[in-house]
Structures are given as C-alpha cells and as structure tokens.
Amino acid sequence: MRIGITCYPSHGGSGVVATELGKLMAERGHQVHFITYDMPFRLGRFYCNIHYHEVEANRYAVFRYPPYDLALASRMAQVAKVHRLDLIHVHYAVPHAICAYLAKQMVGESLKVVTTLHGTDITVLGEDPSLKDSICFGINQSDAVTAVSDSLIRQTQDLFCIHQPLKRIYNFIDPRVYKPLDISDIRRQYAEPTEKILLHISNFRAVKRVTDVMRVFEKVQREIPSRLILVGEGPEWSKAAQWAREKGLESRVTFMGKQDEVARLLSLADLLLLPSEKESFGLVALEAMACGVPTVGSNAGGLPEVVTDGETGYLSEIGDVEEMARNAVRLLSDEERYRQFTESGLKRARERFSAEKIADEYERVYQEVVEKSLNPR
C-alpha cells in the first residue's frame with residue numbers, strides 16, 4: 039500500500055506513535071509518505087520506503103495568519119496525486135482530518151482517510167464550542183476512525199454526535215527499543231547507589247499536575263533516600279523549579295529538558311510518577327513498563343487500561359498525593375514486591391502492547407478501507 043501520514047512532528051505522544059507506526063509499515067514493505075510542517079523528530083536518519091514532504095504556508099501579506107490548514111490540504115492532495123496514495127492516516131481530528139477531507143475532494147473518492155484520536159483533540163479542543171462542529175465533521179467524514187483507549191471512545195461519544203464506528207487500537211512499544219537497559223555507569227551521575235530515582239516525563243501542561251509530582255517526591259524522600267528527574271518542558275516548568283527552591287530540594291531534583299532517548303532515561307529510574315488529571319492513554323507509562331519500571335499515578339482516563347493497579351503499578355484518585363506517596367514507598371522499600379511488579383509489567387507490555395500486534399490491527403484497518411473503494415456496494 040501507499041500510505042500518507044500526517045501528525046504533529048513533536049515530542050508529544052501522538053507524534054511518537056504516528057512516526058513509529060510509519061516506520062513499522064515501511065519495514066513491512068509499504069510506501070510511507072509523511073506530510074508535515076517539519077521532519078518528525080524520530081525520523082532523524084534514512085529509512086527505506088519512507089518519504090518526507092514538507093508543508094509550507096503561504097505568507098502573502100494580505101493574510102493576517104499564514105493559512106496552514108489550506109497549505110496542508112493542498113500538499114496532501116499533491117502528494118496523493120503524484121505518488122498515487124491509497125490512504126492518508128491523520129493523527130488528531132483538527133485540523134488534520136478536515137485537511138484530509140479537503141484533499142480527498144481534490145483528488146477523488148479513491149483516496150481514503152483514516153483518523154486516529156489521541157485525546158487532546160477531544161478532551162481539550164472538544165470543550166471549545168467554536169471547534170466542536172469541525173471536530174465532529176472531521177470524524178464523521180473519515181473512512182475509518184480509531185482511538186487509543188476505550189476511555190477516549192466513551193468521551194468522544196459523550197461529547198459529539200458521532201455516526202462513525204470508533205475502533206480502539208492501543209498505543210504500542212517496540213520491544214527492540216523499549217527494554218531494560220544496563221546503564222549503571224550513567225546512573226551513578228544522578229544518584230548514589232543507596233538512593234532511588236523517581237522520574238516524571240511530560241509536556242509540563244497543567245493537566246499533568248507537575249506540582250503533585252513534586253509533592254509526592256517530597257514525601258517519599260523523607261522516608262527513602264531518593265532523587266527526582268524531570269524530563270520535558272512546558273508552561274508548568276517554572277512552577278516546578280520554584281517549588282524545588284522553596285522546599286530546599288534543588289540539589290535532589292534534576293531538570294533535563296526535552297530528551298529523545300526516552301528508553302535510556304527510563305532505565306535510569308526506579309519509579310515513574312504520573313499523577314495526571316487527564317490521560318487518554320498514558321504512553322510514557324507503557325514505555326516505563328516495557329523498561330521494567332512501575333508507575334505510581336492517577337486513576338485517570340485510559341491509564342487504568344495500561345497500568346494494572348496492584349500488579350504493574352499503583353493508581354490513586356486524582357490529587358491524592360498522600361496515597362501516591364505511600365504507594366511509592368511501599369514499592370521502593372519491598373524488593374520482592376518490586377520484582378513482581380517489574381516482571382508483571384514486562385510481560386504485559388510484551389503481550390498486550392507489542393508493536394507487531396498493534397501494527398497488525400492498523401494494517402487490517404487500512405486493508406478494509408482500501409478494499410471498500412475497490413469493491414463498492
């Protein structure tokens with residue numbers, strides 16, 4: 039098949055999943071064409087069967103804002119015509135599904151549109167009345183729609199008048215990349231052998247509740263010698279830094295900014311903290327599990343579909359930092375319990391969320407929409 043992929047080419051979970059999925063499809067012999075405003079950050083080298091097409095918005099002086107949406111739709115149509123794409127797989131309903139619909143009108147009905155909902159396009163943008171009709175239209179005009187968790191499907195159906203069936207396809211990890219790594223030499227740079235390392239990775243938005251991360255760590259380090267590593271950047275970064283200064287914990291907290299090699303960072307850690315207010319899936323929790331690191335977090339959104347409470351991690355009610363801290367101490371102070379959680383997490387990651395299994399599911403969706411155009415009723 040000839041597959042177009044459009045996503046946000048950033049460090050966010052949707053861009054990671056879209057890029058890794060494209061790489062998997064290319065390995066299977068499909069021709070994959072990324073159509074974005076920048077090179078996806080996980081495509082930093084040459085891959086067979088992968089092509090990149092940049093989108094440039096026209097900066098004509100009469101436009102107050104460069105019309106990126108129209109530029110993207112036009113670029114999608116151009117690539118689809120020249121490379122005879124069978125389908126475009128877009129990640130996020132707005133603006134990508136709308137742009138793909140416009141491209142389809144330019145090219146013809148033979149071009150199919152698959153839309154994957156990742157969460158923010160529903161849980162945040164869906165609350166904006168000015169975007170609600172656009173999101174609904176983009177979803178309903180797609181030839182197939184997937185969502186990354188059952189929780190997100192329920193939210194989508196509650197918020198919008200959706201006529202399309204929504205198929206749940208979980209996010210995934212590549213076990214060749216996400217696995218326990220022996221990096222004890224690097225770990226010594228961040229903690230003493232007797233100390234534990236707690237880790238948080240996010241875009242530091244308010245819904246990630248980074249202050250709760252700090253509060254949990256502050257309680258844990260009172261009982262267990264530990265350090266905290268924070269990975270990522272965003273609007274709540276300065277609050278976290280200020281909190282660490284005010285509590286006198288600057289020397290025990292490391293801010294690492296944005297990082298690409300997440301698997302190595304996860305292998306540094308003993309525990310992932312994820313007390314989010316909203317998590318449509320919780321990709322970082324899955325990545326941690328695949329690296330042998332349990333999660334202590336919140337019972338939010340799709341996170342319970344990833345982390346099995348009491349087996350691969352602990353989940354508490356949103357904002358219950360006292361219980362989260364107790365759970366963290368319970369895990370970190372009991373070697374046998376910790377070993378059981380690690381082994382259960384590794385098994386669950388391999389069996390339920392392996393890249394090959396999820397790629398099979400997406401490939402079936404692609405085949406179904408393409409076959410419909412070849413065999414119309």
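Heads up: the sequence shown runs through residues 39 to 415, numbered per this note's numbering.
The beta-carbon is built from N, C-alpha and C at its ideal position, and this holds for glycine as well.
If you run the structure through DSSP and keep just helix, strand and coil, what is T154?
Residue numbering aside, residue 154 sits at position 116 when the sequence shown is read from its first letter. T154: strand per DSSP, three-state reduction.
When the Cβ atoms of the region 138-153 are set against those of the region 174-187, are three or more pairs found closer than 8 Å?
yes
In whole angstroms, what is the alpha-carbon distance linking Q116 and M144?
Translated into positions along the sequence shown, residue 116 becomes position 78. Translated into positions along the sequence shown, residue 144 becomes position 106. C-alpha separation (whole angstroms): 9 Å.
DSSP beta-bridge partners of Y352
In the sequence shown, the residue the question calls residue 352 occupies position 314. Y352 pairs with V334.
For V254, collect the residues of the same chain with a Cβ closer than 7 Å to its Cβ; drop the 5 residues on either side in sequence, then sort them by chain order.
As a position in the sequence shown, residue 254 is number 216, starting the count at 1. For V254, where only same-chain residues beyond five positions count, the Cβ hits under 7 Å are L311, P313, V359, M362, A363, A366.
Among residues of its own chain, excluding the 5 on either side of L219, which ones have a beta-carbon nearer than 8 Å to its beta-carbon?
As a first step, residue 219 must be located in the sequence shown, where it is residue number 181. Same-chain partners within the cutoff: A301, R302, S305, C329.
With a threshold of 8 Å, are at least 3 pairs of Cβ atoms found where one atom belongs to the region 59-68 and the other to the region 91-100?
no
Less than 8 Å between C-beta atoms, sequence neighbours within five positions excluded: which residues of the same chain meet that for V132?
Start at 1 with the first residue of the sequence shown, and residue 132 comes out as number 94. Only residues of its own chain outside the window of five on either side were considered, and among them D159, L163, L169, S172, I173, G176 have a CB closer than 8 Å to the CB of V132, listed in chain order.
So the beta strand (DSSP E) Q280 belongs to, where does it begin and stop?
Counting from one through the sequence shown, the residue named residue 280 turns up at place 242. Here Q280 belongs to no beta strand (DSSP E); instead the alpha helix (DSSP H) covers 275-284.
If you measure between the beta carbons of A111 and A141, is that distance less than 8 Å?
As a position in the sequence shown, residue 111 is number 73, starting the count at 1. As a position in the sequence shown, residue 141 is number 103, starting the count at 1. Yes, the pair counts as a contact, with Cβ atoms nearer than the cut-off.
Please name the residue in H129, R226, G270 whose C-alpha comes closest to that of Q297.
Translated into the one-based positions of the sequence shown, residue 297 becomes position 259. The shortest C-alpha separation from Q297 is found at G270.
Mind reading off the beta-carbon distance from E343 to D188? Whole number of angstroms is fine, and I expect it under 8 Å.
The residue given as residue 343 occupies position 305 in the sequence shown. The residue given as residue 188 occupies position 150 in the sequence shown. Yes, E343 and D188 are in contact; Cβ-Cβ is about 6 Å, under 8 Å.
By the three-class DSSP mapping on this structure, what secondary structure does R388 have?
Residue 388 sits at position 350 when you count from the first residue of the sequence shown. Note: R388 maps to helix in three-state DSSP.
Identify which residue in E299, P273, R260 has its Cα closest to the Cα of G286.
Stepping through the sequence shown from its first residue, residue 286 is reached at position 248. Closest option to G286, Cα to Cα, is R260.
Assuming L268 and M294 are in contact, meaning their beta carbons sit under 8 Å apart, how far apart are those beta carbons, in whole angstroms?
If you number the sequence shown from 1, residue 268 lands on position 230. If you number the sequence shown from 1, residue 294 lands on position 256. So it is a contact: roughly 7 Å between Cβ atoms.
Rounded Cβ spacing between G351 and V345 (contact assumed at less than 8 Å):
Taking the first residue of the sequence shown as position 1, residue 351 is located at position 313. Taking the first residue of the sequence shown as position 1, residue 345 is located at position 307. About 4 Å; that satisfies the 8 Å criterion.
Report, in whole angstroms, the separation of the C-beta atoms of H71 and G51, which I expect to be a contact under 8 Å.
Position 33 of the sequence shown, counting from 1, holds the residue named residue 71. Position 13 of the sequence shown, counting from 1, holds the residue named residue 51. Not a contact, Cβ separation roughly 22 Å.
Would you identify the three-state DSSP class for Q69, choosing helix, strand or coil?
Along the sequence shown, read from residue 1 onward, the residue named residue 69 stands at position 31. Under the three-state reduction of DSSP, Q69 is assigned to strand.
DSSP state of T44, grouped into three classes?
Working through the sequence shown from its first residue, we reach residue 44 at position 6. The answer is strand: DSSP assigns T44 an E or B state.
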